[in-house]
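There are 2 protein chains.
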Amino acid sequence: MISSNISNEALDIFRKGLAHFITFNEAEWTEFIPHLNYKVIKKRDHFSIKDKVCNDIGFIVNGSVRYYHVKDGTEITGYFSFENEFVSSYKSFLTQQPGTGYIQALEQTGLILISRKNMDMMLSHPLFGYKMERFGRLVAEHYICCYEDRITSFITETPEERYLKMLETTPEIMQRVPQHYVANFLGITPVSLSRIRKRTLIYA
Amino acid sequence: MISSNISNEALDIFRKGLAHFITFNEAEWTEFIPHLNYKVIKKRDHFSIKDKVCNDIGFIVNGSVRYYHVKDGTEITGYFSFENEFVSSYKSFLTQQPGTGYIQALEQTGLILISRKNMDMMLSHPLFGYKMERFGRLVAEHYICCYEDRITSFITETPEERYLKMLETTPEIMQRVPQHYVANFLGITPVSLSRIRKRTLIYA
DNA sequence: CCAAAACGTTAACAAAAGATAAGAAATTAA
DNA sequence: TTAATTTCTTATCTTTTGTTAACGTTTTGG
Numbered sequence: 000m001i002s003s004n005i006s007n008e009a010l011d012i013f014r015k016g017l018a019h020f021i022t023f024n025e026a027e028w029t030e031f032i033p034h035l036n037y038k039v040i041k042k043r044d045h046f047s048i049k050d051k052v053c054n055d056i057g058f059i060v061n062g063s064v065r066y067y068h069v070k071d072g073t074e075i076t077g078y079f080s081f082e083n084e085f086v087s088s089y090k091s092f093l094t095q096q097p098g099t100g101y102i103q104a105l106e107q108t109g110l111i112l113i114s115r116k117n118m119d120m121m122l123s124h125p126l127f128g129y130k131m132e133r134f135g136r137l138v139a140e141h142y143i144c145c146y147e148d149r150i151t152s153f154i155t156e157t158p159e160e161r162y163l164k165m166l167e168t169t170p171e172i173m174q175r176v177p178q179h180y181v182a183n184f185l186g187i188t189p190v191s192l193s194r195i196r197k198r199t200l201i202y203a
Numbered sequence: 000m001i002s003s004n005i006s007n008e009a010l011d012i013f014r015k016g017l018a019h020f021i022t023f024n025e026a027e028w029t030e031f032i033p034h035l036n037y038k039v040i041k042k043r044d045h046f047s048i049k050d051k052v053c054n055d056i057g058f059i060v061n062g063s064v065r066y067y068h069v070k071d072g073t074e075i076t077g078y079f080s081f082e083n084e085f086v087s088s089y090k091s092f093l094t095q096q097p098g099t100g101y102i103q104a105l106e107q108t109g110l111i112l113i114s115r116k117n118m119d120m121m122l123s124h125p126l127f128g129y130k131m132e133r134f135g136r137l138v139a140e141h142y143i144c145c146y147e148d149r150i151t152s153f154i155t156e157t158p159e160e161r162y163l164k165m166l167e168t169t170p171e172i173m174q175r176v177p178q179h180y181v182a183n184f185l186g187i188t189p190v191s192l193s194r195i196r197k198r199t200l201i202y203a
């Protein structure tokens, strides 16, 4: 879709978020904007669901989402994304294969969307395809670093250590996310997280 | 370093490995080769160590390596890489910050190396910088997919399920890697892995 | 505003995993 | 080859975690 009626406020937030990775000049930005869409997802509605290809990568302008899988009929939450972060069922988006999990809004969430088709158009764009490739590389590398930390924590830390480190890294998480989702995120049961909190006396 | 005396055999293996991501024409390849180095690491020697910046990304022509952290004086192995795979302390290489772990050769290992400096030169190269950016993006995206699977397995699967899935994905691993390293990789103790093998009667 | 659903804590019990140590087998190095 | 080291298994004991269920509280939706 080559058109855009996204609010200037949302676009400003988006542009500031991108600045962590790359800076677009005015000509490039003008070319960029028509490749974007805006969407509001209501609380509990899904951004991406199992067995369907995730066609968009989103940038969260406001709100939050959780990623979850269903195993033996039970939901298991693996991750959260908040304002100024990207959201996508990455493997599905990148490989264009059906996803294995769900992404659901934890609250009403406003998103700037880039479809796979528009992304590919921009990556091959004569004006700024080169810069878009760099942008894509830097974003991907950023997530590699995040994922590396997360895997290392599963290998080297106990659940209790993961809980305490999470409170340092993301102090607001217990306020913003139901505790049983956080427990899943830490790789333990809700009952177990409740015990850790009682044991450490750290409820932040 | 702008020179190269890497064997044609190693270069062929490397070029075939890259073909999973991108194909270089002859002019590009001719430009590529002088940015490469070759190194053989003896068994038990280190490719990368804690508190030092990892300056290279390697492509394993032959051999294998393990990634490990040291916690409370004990080594904990988090991952392995084999022939035709890349190896690096990625976060350190990508951010140019000191690494938190070690990468050690499990056996004598031959590597084609790209230094950060040479990588950056190629990413900005007038002839094929655009293609190199795409190459870098595709490699990074590939690792995002791998990491996503690994994190999902920690969240949704039991150690026993991880063990069985690993045997499907990498059947040769128990033959090539000491079992207590594999146990760490699965996020459990060596004693626990030994029990799982006895319990399931699957020793493949 | 009320009823239903979701949430967090706690308890009791079961299952799994960690810690430690001993011993046998395999590998490595001198 | 031999001695030392590493590796894997097994056993015992302890700790942690999982499971299930009950209870009170909070949140949600009509």
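Residue numbers (numbering that gives the first Met the number 0), protein chains in the order written: chain L, 0 to 203; chain B, 0 to 203.
Backbone N, C-alpha and C define an ideal beta-carbon position, used for all residues, glycine too.
Outcome for residue i when other beta-carbon atoms lying within 10 angstroms are tallied against a minimum of 16
i, result
"ASN4 of chain B", "exposed"
"ASN24 of chain B", "exposed"
"ILE1 of chain L", "Here the model assigns ILE1 of chain L a pLDDT of 45, short of 50, so the residue's position is not dependable, and the following value carries that caveat. Burial call: exposed."
"SER6 of chain B", "exposed"
"TYR202 of chain B", "exposed"
"ASN183 of chain L", "buried"
"GLY98 of chain B", "buried"
"HIS136 of chain B", "Correcting the residue type first, residue 136 of chain B is Arg in the shown sequence and not His. Buried: at least 16 other Cβ atoms inside 10 Å."
"LEU93 of chain B", "buried"
"SER80 of chain B", "buried"
"THR76 of chain B", "buried"
"SER63 of chain B", "buried"
"ILE126 of chain L", "Reading off the sequence shown, one finds Leu at residue 126 of chain L, where the question assumed Ile. The residue in question, LEU126 of chain L, is exposed, as its Cβ has fewer than 16 Cβ neighbours within 10 Å."
"GLU147 of chain L", "buried"
"SER239 of chain B", "No statement about residue 239 of chain B is possible, as the shown extent of chain B runs from 0 to 203 and does not include it."
"ARG161 of chain L", "buried"
"LYS70 of chain L", "exposed"
"HIS45 of chain B", "exposed"
"LEU185 of chain L", "buried"
"TYR180 of chain L", "buried"
"GLY72 of chain L", "exposed"
"LEU200 of chain L", "exposed"
"GLU167 of chain B", "exposed"
For residue i, the nearest candidate out of the options (CA to CA)
i, options, result
"THR29 of chain L", "L:PRO158, L:GLY109 and L:ARG14", "L:ARG14"
"ARG205 of chain B", "B:CYS53, B:LEU192 and B:THR73", "Since the first residue of chain B shown is 0 and the last is 203, residue 205 of chain B is not available in this structure."
"ILE59 of chain B", "B:TYR67, B:SER87 and B:ASP71", "B:SER87"
"ARG65 of chain B", "B:MET118, B:ALA104, B:THR94 and B:HIS34", "B:ALA104"
"GLY16 of chain L", "L:PHE134, L:GLN174 and L:CYS144", "L:PHE134"
"ILE21 of chain L", "L:ILE150, L:ALA139 and L:TYR146", "L:ALA139"
"ASP55 of chain L", "L:ARG194, L:LYS90, L:THR155 and L:GLU106", "L:LYS90"
"CYS145 of chain B", "B:GLN178, B:LYS130, B:THR188 and B:PHE85", "B:PHE85"
"ARG198 of chain B", "B:GLU82, B:LEU163, B:GLN95 and B:HIS19", "B:LEU163"
"GLU82 of chain L", "L:LEU166, L:PHE31, L:GLU74 and L:ALA9", "L:ALA9"
"PHE31 of chain B", "B:LYS130, B:GLU74 and B:ARG194", "B:LYS130"
"ILE187 of chain L", "B:MET165, B:GLN95, B:GLN96 and B:GLU156", "B:GLU156"
"TYR78 of chain B", "B:VAL176, B:ILE195 and B:SER193", "B:VAL176"
Check: residue i C-beta below 8 Å from any heavy atom of the ligand COA
i, result
"GLY77 of chain B", "With respect to small molecules bound, the structure shown includes none, and the ligand COA cannot be examined in it."
Whole-Å CB distance - residue i paired with residue j, under 8 Å assumed
i, j, result
"SER191 of chain B", "PRO170 of chain B", "Not quite, the Cβ-Cβ distance comes to about 21 Å (not below 8 Å), so this is no contact."
"ILE48 of chain B", "TYR101 of chain B", "5 Å"
"ILE143 of chain L", "ILE154 of chain B", "Rounded, the Cβ-Cβ distance is 18 Å, inconsistent with contact."
"LYS51 of chain B", "GLN107 of chain B", "Their Cβ separation, rounded to whole angstroms, is 22 Å, which puts LYS51 of chain B and GLN107 of chain B out of contact at 8 Å."
"GLU132 of chain L", "GLU132 of chain B", "4 Å"
"THR151 of chain L", "HIS68 of chain B", "7 Å"
"GLY128 of chain L", "MET121 of chain L", "7 Å"
"GLN178 of chain B", "PRO189 of chain B", "6 Å"
Note down, in chain order, all residues in the stretch 151 to 166 of chain L with a beta-carbon under 9 Å from any beta-carbon belonging to chain B. Close to chain B, meaning a Cβ-Cβ distance shorter than 9 Å, are the following residues of the stretch 151 to 166 of chain L: THR151, PHE153, ILE154, THR155 and GLU156.
Scan the stretch 134 to 148 of chain B for residues whose Cβ lies nearer than 8 Å to a Cβ of chain L and list them as they occur along the chain. GLY135, ARG136, ALA139, GLU140, TYR142, ILE143, CYS144, TYR146, GLU147 and ASP148
For the 8 Å Cβ check, are there 3 or more pairs between the stretch 32 to 43 of chain B and the stretch 91 to 111 of chain B? yes
According to a CB-to-CB cut-off of less than 8 Å, which residues of the stretch 82 to 94 of chain L neighbour chain B? Of all residues in the stretch 82 to 94 of chain L, TYR89, LYS90, LEU93 and THR94 have a Cβ within less than 8 Å of some Cβ in chain B.
What residues in the stretch 40 to 64 of chain L have a beta carbon less than 9 Å from any beta carbon of chain B? none
Can you give me, in chain order, the residues of the stretch 68 to 83 of chain L that have a beta carbon less than 7 Å from any beta carbon in chain B? So the list reads HIS68, LYS70, ILE75 and GLY77, given in the order they occur along the chain.
Could you run through the stretch 8 to 40 of chain B and flag, in chain order, every residue whose CB is less than 8 Å away from some CB of chain L? From the stretch 8 to 40 of chain B, no residue has a Cβ closer than 8 Å to chain L.
Contact residues within the stretch 107 to 130 of chain B, judged by C-beta distance below 8 Å to chain L: LEU122, GLY128 and TYR129
Scan the stretch 169 to 190 of chain B for residues whose Cβ lies nearer than 8 Å to a Cβ of chain L and list them as they occur along the chain. ASN183, PHE184 and GLY186
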